[in-house]
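Numbering (numbering that gives the first Met the number 0), first residue to last: 0 to 377.
We put the CB at the ideal spot given by N, CA and C, even for glycine.
To start, the structure under review is shown below, and the notes come after it.
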Amino acid sequence: MRYETLTVHAGQKPDPAYGAVMPPIYQVSTFAFREVGKPGPFDYSRSGNPTRQALETCLAALEGGTHGFAFGTGMAAEATVLGMLRAGDHIIVHNDLYGGTYRLLDSVTARHGVAVEFVNLRDLEALRAAIRPATRMIWTETPTNPLMNLLDLAAIAEVARAHGILSVCDNTFLSPHFQRPLDLGIDLVLHSTTKYINGHSDVVGGAVVVKDAALAAELGFLQNAMGSCQAPFDCFLVLRGIKTLPLRMEAHNRNALAVARWLEAHPGVLRVLHPGLESHPQHALALRQMTGFGGTFSFRLQGGQESALRLLSRVRLFTLAESLGGVESLIEHPWSMTHVSMPEEVRAAAGITNDLIRISVGIEHVDDLIEDLRQALE
Numbered sequence: 000m001r002y003e004t005l006t007v008h009a010g011q012k013p014d015p016a017y018g019a020v021m022p023p024i025y026q027v028s029t030f031a032f033r034e035v036g037k038p039g040p041f042d043y044s045r046s047g048n049p050t051r052q053a054l055e056t057c058l059a060a061l062e063g064g065t066h067g068f069a070f071g072t073g074m075a076a077e078a079t080v081l082g083m084l085r086a087g088d089h090i091i092v093h094n095d096l097y098g099g100t101y102r103l104l105d106s107v108t109a110r111h112g113v114a115v116e117f118v119n120l121r122d123l124e125a126l127r128a129a130i131r132p133a134t135r136m137i138w139t140e141t142p143t144n145p146l147m148n149l150l151d152l153a154a155i156a157e158v159a160r161a162h163g164i165l166s167v168c169d170n171t172f173l174s175p176h177f178q179r180p181l182d183l184g185i186d187l188v189l190h191s192t193t194k195y196i197n198g199h200s201d202v203v204g205g206a207v208v209v210k211d212a213a214l215a216a217e218l219g220f221l222q223n224a225m226g227s228c229q230a231p232f233d234c235f236l237v238l239r240g241i242k243t244l245p246l247r248m249e250a251h252n253r254n255a256l257a258v259a260r261w262l263e264a265h266p267g268v269l270r271v272l273h274p275g276l277e278s279h280p281q282h283a284l285a286l287r288q289m290t291g292f293g294g295t296f297s298f299r300l301q302g303g304q305e306s307a308l309r310l311l312s313r314v315r316l317f318t319l320a321e322s323l324g325g326v327e328s329l330i331e332h333p334w335s336m337t338h339v340s341m342p343e344e345v346r347a348a349a350g351i352t353n354d355l356i357r358i359s360v361g362i363e364h365v366d367d368l369i370e371d372l373r374q375a376l377e
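Put into structure tokens, the structure is as follows:
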């Protein structure tokens, strides 16, 4: 089946009990055994649930993987993947990434005896130089949050394979509609399904997809042991959101690129960070490894933080809020909101400055979105 068909049908055959077309919400904690020592396909919802299985099967199909895992939040997905590491292991992480991921790595993973090293992974020589005998994992995010830098996934995957290191990519910003890291050689792809995959700002969730059976077995063990799985009702909501993923992503992509082009021409805007613009330094890489650019990007304003805060206080249609990927347009200030958990010097070194604005462009009429930004800027 082609991708658009998979979003509607993958993992979602009519329910065998009563023929329900949409997988029912199996809102149960436990399942009856056939007899002692003979459970059915499911025994306890932490270990497996029919609604969750439908979502996990669908997610695996969309990413071109063989096994999918659904988690209670995006951070639960990340924590479970990081649970594969042991004290003494070394992980290389791109130095421009979501603030919550930085906090998890710096304040939790490192505390458990894992050496966490932040490296500019746009520089492949820097990546090679950072590899140690204890290096077990390379952590990527592309496009990066919030600076919209791109990482060459195929090249990073090649380096990882040559050294026997696992590679991870956070694919939240693009979804499998515009980027499939597993096809580029990455070992584990993860998502905050809260964002584009669900797309309606009404549930939080996370996902991991792999191709390798041994990795799948380890992730399945950790998901069960840590209890980080997603609840049945939330799985149902994410499944419902996935059915319109192709339509929504095309609308997000089209609107965001139009807004980015308008902002680029505005005298009050210093720079627009959008990989679909020809001015983006990695535009050629975007065209090579992505089939679209998503709906989230950032821009810098003339006048620094004062101008940024003024804009945030004047928008009417854009909602001042964290998160992204919903059908409604959101706007935020990374320096004081999504990335405040990073120390100031780390933010500044990465290029996250107080003049930076991040917007998640929704599926409203693009003329209304541009008019809102126009009146706020003027």
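Quick check: the stretch 220–235 against the stretch 17–35, are there 3 or more CB pairs under 8 Å? yes
For the stretch 36–97, which segments carrying the alpha helix (DSSP H) assignment without a break, of at least 4 residues, lie completely within its bounds, in sequence order? 49–62 and 73–81
Exposed or buried, what is Lys-194 when buried is set at 16 or more other beta-carbons lying within 10 Å of its beta-carbon? buried
Buried or exposed for Val-20, please, with buried defined as at least 16 other CB atoms from any protein chain shown within 10 angstroms of its CB. exposed
Endpoints, the beta strand (DSSP E) within which Met-155 is located: The residue asked about is misnamed: residue 155 is Ile in this sequence, not Met. Ile-155 -> not in any beta strand (DSSP E); alpha helix (DSSP H) instead, spanning 152–161.
Could you check the C-alpha separation between His-273 and Asn-170 for me, to the nearest Å? 16 Å
Compare the C-alpha of Gly-302 against each of Glu-55, His-282, Ser-106 and Thr-352 and name the closest. Thr-352
Using the rule of at least 16 other Cβ atoms within 10 Å of the residue's Cβ for burial, across every protein chain shown, is Val-35 buried or exposed? Counting C-beta atoms within 10 angstroms of its own C-beta, Val-35 has fewer than 16 neighbours from the protein chains shown and is therefore classed as exposed.
According to DSSP, simplified to helix, strand and coil, what is Gly-205? strand
Please state whether the Cβ-Cβ distance between Leu-244 and Ile-196 is less than 8 Å. yes
Among Ala-307, Arg-85 and Phe-177, which residue has its Cα nearest to the Cα of Asn-252? Of the candidates Ala-307, Arg-85 and Phe-177, the one whose C-alpha sits nearest the C-alpha of Asn-252 is Phe-177.
If you draw a straight line from the C-alpha of Gln-288 to the C-alpha of Glu-263, how long is it? 24 Å
Segments assigned beta strand (DSSP E), at least 3 residues, entirely inside the stretch 336–362: The stretch 336–362 contains these whole beta strand (DSSP E) runs: 355–359.
Would you be able to state if there are at least three C-beta pairs under 8 Å between the stretch 53–65 and the stretch 208–217? yes
Could you tell me the boundaries of the beta strand (DSSP E) in which Ser-191 lies? 187–191
Near Ala-53, what residues of its chain come up, given a Cβ to Cβ distance below 8 Å and the 5 sequence neighbours on each side ignored? Gly-10, Gln-11, Pro-22, Cys-234 and Leu-238
Among Ile-164, Ser-322, Leu-181 and Val-345, which one has its Cα closest to the Cα of Gly-361? Ser-322
Through-space distance from Leu-173 to Gly-324, alpha-carbon basis: 9 Å
I need the straight-line Cα distance from Ser-359 to Ala-257, nearest angstrom please. Taking the straight line joining both Cα atoms gives about 13 Å.
I think Ser-297 touches Ile-356, with their Cβ atoms under 8 Å apart; what is that distance to the nearest whole Å? 6 Å
Can you give me the start and stop residues for the beta strand (DSSP E) that Trp-138 sits inside? 134–140
With DSSP run on the structure shown, which of helix, strand or coil describes Ile-330? For Ile-330, the three-state secondary structure derived from DSSP is strand.
From the DSSP output, read off the bridge partner residues of Val-115. Ile-90
Does DSSP classify Leu-238 as helix, strand or coil? Helix.
Answer yes or no: do Leu-319 and Ala-206 have a C-beta to C-beta separation smaller than 8 Å? Not a contact, by the Cβ cut-off of 8 Å.
Neighbour-count burial assignment, Phe-32, 16 or more Cβ in a 10 Å radius: The residue is exposed, with fewer than 16 neighbouring Cβ atoms inside 10 Å.
Pick helix, strand or coil for Ser-297, following the three-state DSSP scheme. strand
Per-residue burial, Ala-75 [other beta carbons within 10 Å of its own, 16 or more giving buried]: buried
Residue range of the unbroken beta strand (DSSP E) whose run includes Asp-371: Per DSSP, Asp-371 belongs to no beta strand (DSSP E); it is in the alpha helix (DSSP H), 365–376.
Distance, Cα to Cα, Leu-246 vs Val-365? 16 Å
Between the stretch 74–93 and the stretch 39–52, are three or more C-beta pairs nearer than 8 Å? no
How should Met-341 be labelled, buried or exposed, when 16 other C-beta atoms within 10 angstroms of its C-beta is the threshold for buried? By the 10 Å Cβ count, Met-341 comes out buried.
Beta-carbon proximity of His-89 to Arg-135, cut-off 8 Å: Note that the C-beta distance between His-89 and Arg-135 is below 8 Å.
Please go through the same chain and pick out, in chain order, the residues whose beta-carbon is closer than 7 Å to the beta-carbon of Trp-334, but skip the five residues on each side of it. Arg-346, Ile-351, Thr-352, Asn-353 and Leu-355
For the alpha helix (DSSP H) holding Ser-380, just list the boundary residues, first then last. With the chain covering only 0 through 377, there is no way to say anything about residue 380.
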